[in-house]
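Peer 1:
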Amino acid sequence: MKNYILLIIGFVISTGVYAQGEWIVPADKKGKLSTVTFSPSMEKLGADIFKNNCVSCHGTPGQNNPIPLMPSPGDPAGSKFSDNTDGELYYKIQEGRVTMPSFKSALSATDTWNVIAYIRSFHKGYKQEVAAKVETNIPEGATLAMDLSYDADAKKVLVKVIANNEGKQIPVAGVDVKIVAKRYFGQLPIGEPKTTDGNGIANIDWNDELPGDSIGNVALTASFVDTENYGDLTVAKDLKIAVATNKPALNAERAMWNTVKKAPLWILFSYLGGVITVWFFIIYVALSLKKIFALGKDEVSDEEQVIY
């Protein structure tokens, strides 16, 4: 009976470990492709990123020395990686799962493709398939630039995208852009992403009731929605378009996230009380041990001796 129970427990554990090791990527993500051909420069950039973010768990590619985790991180040069499509590698790096952290916030789309380019350099027989180029009016070799402004009459934030090519500025049409506002904790998306028109301008609705700083400034950042095709270009600008809000800074008053001098009084008193209590018991125990040691050194008189 005991062996039977142990057999069941072992089966459950092994089944759980197997299921945990099976990483299913959504079907629509498997076919994702890079829009640029992997190059030696991408591999070099990817190697640096891998060294700073991945080698601590996966080890050095080709040496089969990942750290002992369950499921195993695997050697990037091995079949555990080479059997994945480019889209599966991209999804797993970005999303993470169990012991594999998500790098969505740490690595941009470009960084992720650089890492994949580096990993693929260890896969013999790998042949890259490149995504079809998106048709735009952006000339080959042009550099993109972006600007932010505000249309007070229409109550819209304007994002203008231009392509600089051989001294000419060409409005970029048909590109999706988005904006966010800087808040105390994180970024606040503003409106919905919009597409640039024939003049290279996207109009994004603005809520003029949103609070700003003491003079009504708000820090806005515009970027592309499709960073894989257009890059990680962003533009940040302070626009005086919000409601002036004269609120004290987060570090102006006592708060849990503030410095020690401005921490809440109850935290300071609790900490001080805890320190005093701990030291009281340490001193009490030390004195008690000293007393016991002194008593042990006293000679026992003949009357006090007990003969067994």
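Throughout the sequence shown, residue numbering follows the working numbering, covering 1299 to 1606 in sequence.
Glycine included, C-beta positions come from ideal geometry on N, C-alpha and C.
1) Flag this pair as yes or no: are the beta carbons of LYS1535 and LEU1446 separated by less than 8 Å?
2) How far does the alpha helix (DSSP H) with LYS1466 in it extend, from its first residue to its last?
3) Kindly list the residues whose CB is nearer than 7 Å to the CB of SER1370, restricted to its own chain and excluding five residues on each side of it in sequence; keep chain order.
4) Could you tell me if GLU1427 is buried or exposed, where buried requires 16 or more neighbouring beta carbons within 10 angstroms of its beta carbon?
5) Buried or exposed: where does MET1554 fall if 16 or more other Cβ atoms within 10 Å of its Cβ makes it buried?
6) Could you say which of VAL1541, VAL1558, ALA1471, ASP1506 lies nearest to PHE1522 if we only look at CA atoms?
7) In this structure, how does DSSP classify ASP1409 when only helix, strand and coil are distinguished?
8) Could you tell me the distance, in whole angstroms, from the CA atom of ARG1481 to the CA atom of ILE1581?
9) Under three-state DSSP, which class holds PHE1522?
10) Mark PHE1591 as exposed unless 16 or more other C-beta atoms lie within 10 angstroms of its C-beta, in which case mark it buried.
11) For VAL1475, count neighbouring C-beta atoms within 10 Å of its own C-beta (all shown protein chains included) and say buried if the count is 16 or more, exposed if not.
12) Tell me the start and end of each unbroken beta strand (DSSP E) in the region 1483–1514 that is at least 3 residues and wholly inside, in chain order.
13) Give the secondary structure of TYR1528 by DSSP, where H, G and I count as helix, E and B as strand, and everything else as coil.
14) Here's the rule: buried if 16 or more other CB atoms are within 10 angstroms of the residue's CB, otherwise exposed. What is LYS1336?
15) For LYS1425, does the count of other Cβ atoms within 10 angstroms reach 16, so buried, or fall short, so exposed?
16) Select from LEU1587, ALA1461, SER1419 the residue whose C-alpha is nearest the C-alpha of PRO1437.
17) Can you tell me where the beta strand (DSSP E) holding ASP1381 begins and where it ends?
18) So, under 8 Å CB-CB, THR1416 and GLY1360 are touching, yes? Tell me the CB distance rounded to an integer number of Å.
19) Do ALA1429 and ASN1501 have their C-beta atoms closer together than 8 Å?
20) Can you tell me whether VAL1478 is helix, strand or coil according to DSSP?
21) Near THR1494, which residues of its chain fall below 7 Å by C-beta distance, leaving aside the five closest residues on each side in sequence?
22) Using DSSP with H/G/I as helix, E/B as strand and the rest coil, what is ILE1307?
23) On the premise that PHE1420 lies in contact with PRO1487, defined as a C-beta separation below 8 Å, what is that separation, rounded to the nearest angstrom?
24) Three or more C-beta pairs under 8 Å: does that hold for the region 1556–1566 against the region 1506–1514?
25) Closer than 7 Å by C-beta to ASP1449: which residues in its own chain qualify, once you throw out the five before and the five after it? Chain order, please.
26) When the Cα atoms are used, what is the spatial distance from LYS1422 to GLY1376?
27) Grab me the residues of SER1332's own chain with a C-beta within less than 6 Å of its C-beta, minus the 5 sequence neighbours each way, in chain order.
28) Using DSSP with H/G/I as helix, E/B as strand and the rest coil, what is ILE1460?
29) Between which two residues does the alpha helix (DSSP H) containing ALA1584 stretch?
Peer 2: Based on what the coordinates show:
1) yes
2) Looking at the DSSP string, LYS1466 is not in any alpha helix (DSSP H); the run it does join, the beta strand (DSSP E), is 1466–1469.
3) PRO1364
4) exposed
5) exposed
6) ALA1471
7) helix
8) 49 Å
9) strand
10) exposed
11) buried
12) 1485–1493, 1499–1503
13) helix
14) One detail in the question is off: residue 1336 reads as Phe in this sequence, not Lys. Under this definition PHE1336 is a buried residue.
15) exposed
16) ALA1461
17) Run containing ASP1381: none; DSSP gives neither H nor E here.
18) Position check: residue 1416 holds Tyr in this sequence, whereas Thr was assumed. So it is not a contact: roughly 12 Å between Cβ atoms.
19) no
20) strand
21) VAL1459, VAL1470, ALA1471, GLY1472, VAL1473, VAL1475, ALA1500
22) Note that ILE1307 scores 44 on pLDDT, short of 50, meaning its location in the model is unreliable; the coordinates nonetheless yield the value given after this. Note: ILE1307 maps to helix in three-state DSSP.
23) PRO1487 to PHE1420, Cβ: 39 Å. No contact.
24) no
25) LEU1456
26) 10 Å
27) TRP1411
28) strand
29) 1563–1595
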